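Heads up, the thing below is written out as structure tokens.
Numbering (full-length UniProt numbering), first residue to last: 1 to 873.
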């Protein structure tokens, strides 16, 4: 991965060059020369990675660290020059020859040349070492991985084992693959072994073979291993071609009765396909059971893989007791504390077993309390070789950029529920996501996230209404791995008085790239830290620090080259002048109790991509023209933002200047002008809050309707000011852009008769109607069709009678009805919808619940699920 690591460094340096071409003009030749040297290094590393030396990996790892340090120094020099050039540009100097600026350019050029020579020297030195090591160890072979030892005490797998055994014994006569999928340490092998030894399975399958595959397997050895189960004379096959070894296996398996093959620890579909050729399809009901961490692989084998569940708290406690006390009873004094420790294992058997090892021999409550206070550290430190090995195998299989994204998760607090949209924006701002056009950076980042979920390295906590990941979390055992590995790889430096006992000095800060601060952030800032190379300042405390932190304003002076500034967990007082000199900022997230305006100077941050601001004020005045900022793609605020009203905006005159905004949430209706939307041609998500009646006035509908301006809009949320009162009216059938995929209305008070106008949205997939979005006792949806609607939510409405047919909602998959206290029944006709998989009722009437049960009994959809709360409805 060494050459890929350098790819990452080069990409970031090239991006810096592309983003600031005009400002770097004076040193362009030197920067290009540096990039050429880096490309030479890349070619050298690519060749070096082919070495079979045992120690070569360690040498390359050290080499990449040296290179990264040198390139970071170059970045600092170039970025400092960019800032000086920008300030020089802002002064409007028109001199033909500016001696001061020329001298700065020469100084930067000299620094770059020095770094380039350093890179050449690093390459020369390491070329000798790698060549020497390769000659000495060319015949060394990589040690083969062996499976983990079997677990004697099995807890919590009885129901899951019974379910899989039924699938194995009662399935079709075709060769069927049944995958068991789950995260590292969840007990996939333990469960498979329990099934493999089950009496019913032994009786059902004439031949049972267990094959350990692992991440880097040798197909020839696997085939010979299988052949050894049939004959002792394996030597006769020793010189057979690898492909030819499949034939005797097919012959042996074809002769007998039903067979069961267990492929333990499969990593790729390619590996599975290479092995499958040896297993015949003889229609006897043969089965292949495999264990894997890869959900994508599991689903490619079977539409219904067995997703291994986490242990319950009681199961964790039972397993913990078995491991600590064996057959003895747990002393009463440890019962309550033991359950709390078991809960912190978060349902992971491996974590439970390891923490049990830490408790053995501890005979006082105080010792148990010490373990309880630092469960995650004990899990890792007790037997780090086991826990690290499990995670390391998954980690090593990731491409370099994805490795960095994974380790970055350790910057969030343990157990933190991470919003996906925030994580994606951070990855992009940090430079972890390479340009993969035609994919947008956001789409590429979401693919990275899905890959981590598929590999079971990231747990999905909440999903959006259309099934996408909304929030996620890292299991404690993986979080600890990320935290320790990230520190070693210098991905980020955690600053926590509880861990470090003292803050790092400025000399140490000079070696760090990112700072991750906990609640001691205020005290840390008060010590006047300084780190020129710091690119990110992160504070992700689980709880907000309600006390304002006036020292936060000194951060720009402390870290002048910041790219990421996330301090949402502390209260930000006000913007100080030097804040707008952080010209390299790509990401800002902050919160405040008193902030009521964003000054015009925010426009000076020409690299800004994401701006998130939370305030307790009812309105946020934006004095800057954010639609004109060259890199700004996402603007989020929790209140109603009032966009600036320059002379051009006041006259409603369009402009030819186009911004890059994709998210504009949330703004007031008065700011929805043709001028604004004409400059946001890439807008995908729009939130509007206030007096929606203003938006629906005939003289304003025109610019809002303009599909030419809003042709990319996919998500729209309208939140009406409930204090405005009165009913609203949709003045046109085509009021909303036809590109909408998700529409949320809250408090709009529309008449149910106007619902037919929404049918014009042919690609609409999600419709959420909240807080009397529509009012009236009768909704007769017999006219018009929602051709693409998959999710319909109705919440807090006075609806009494709803008449509908299945033809109106041909693709509806999920229906959610909440707090409909007058609804008489759910239309029985919905039972005919083939796609309708879920109906959720919460706080509705008994008659509505009864009709939903009737729909379930008549549903034509296989696997239909009905959820009713409270259950006694």
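Every residue, glycine too, gets a C-beta built ideally from N, C-alpha and C. All values reported here derive from a predicted model rather than from experimental measurement.
In the displayed model, residue 526 falls within a helix according to three-state DSSP.
Contact between residue 445 and residue 516 does not hold, since their C-beta atoms are separated by about 20 angstroms, which reaches or exceeds 8 angstroms. For residue 621, there is no enclosing alpha helix (DSSP H); the residue is found in the beta strand (DSSP E) stretching over 619-622. A distance below 6 angstroms between beta-carbons, with the five flanking residues on each side excluded, links residue 260 to the following residues of its chain, in chain order: 205, 208 and 287. Around the Cβ of residue 173, a 10 Å sphere holds fewer than 16 other Cβ atoms; the residue is exposed. Taking residue 337 as the centre and dropping the five residues before and after it, the same chain places the C-beta of 365, 368, 369 and 372 closer than 8 angstroms to its C-beta, in chain order. Across the set 581, 389 and 660, the C-alpha of 660 shows the shortest separation from the C-alpha of residue 680.
Of the residues assessed, residue 583 falls on the buried side of the cut-off, its CB having 16 or more other CB atoms within 10 angstroms.
Per the C-alpha coordinates, the member of 555, 714 and 561 positioned closest to residue 575 is 555. When the beta-carbon positions are compared, residue 469 and residue 441 stay at least 9 angstroms from each other. One Cα belongs to residue 504, the other to residue 495, and the distance between them is close to 8 angstroms.
Nearest Cα to residue 697 within the set 712, 709, 672 and 676: 672. In the three-state reduction of the DSSP assignment, residue 537 falls in the strand class, which pools E and B. Three or more Cβ pairs closer than 8 angstroms define a contact, and the stretch 269-285 falls short of that threshold against the stretch 228-237.
In the DSSP assignment, residue 199 falls within the alpha helix (DSSP H) that extends over 199-204. Distance between residue 168 and residue 298, taken at the CA atoms: about 16 angstroms.
Per DSSP, reduced to three states, the secondary structure at residue 695 is helical.
For residue 614, the beta-bridge partners assigned by DSSP are 591.
Relative to residue 311, the option among 226, 304, 463 and 156 whose CA is nearest is 156. For residue 560, the closest C-alpha among the options 529, 589, 569 and 590 is that of 529. If you compare the alpha carbons of 315, 327, 390 and 687 with that of residue 340, the shortest gap goes to 315. With 16 or more neighbouring CB atoms inside 10 Å of its own CB, residue 188 falls in the buried class.
In the three-state scheme derived from DSSP, where H, G and I count as helix and E and B as strand, residue 443 is classed as helix. 763 is the residue among 763, 774 and 721 whose C-alpha sits nearest the C-alpha of residue 736. Taken in chain order, the complete beta strand (DSSP E) segments of 3 or more residues contained in the stretch 775-856 are 778-781, 791-795, 801-804, 814-818 and 838-842. In the three-state reduction of the DSSP assignment, residue 357 falls in the helix class. In the three-state reduction of the DSSP assignment, residue 109 falls in the helix class, which pools H, G and I.
Separation of residue 113 and residue 72 (C-alpha to C-alpha, rounded to the nearest whole angstrom) is 14 angstroms. Minimum Cα-Cα distance from residue 749 among the listed residues 734, 739, 718 and 742 corresponds to 718.
Secondary structure at residue 285: coil, using DSSP grouped into helix, strand and coil. Rounded to whole angstroms, the Cβ separation of residue 213 and residue 265 is 5 angstroms, and the two are in contact under 8 angstroms.
Excluding residues up to 5 positions away in sequence, 469 and 470 lie with their Cβ nearer than 8 angstroms to the Cβ of residue 463 in the same chain. DSSP, reduced to helix, strand and coil, places residue 717 within a strand of the structure shown. A residue is called buried when at least 16 other Cβ atoms come within 10 angstroms of its Cβ; residue 821 does not meet this threshold and is exposed. In chain order, 612 and 665 place their CB closer than 6 angstroms to the CB of residue 636, counting only its own chain and leaving out the 5 sequence neighbours on each side. Per DSSP, reduced to three states, the secondary structure at residue 334 is helical.
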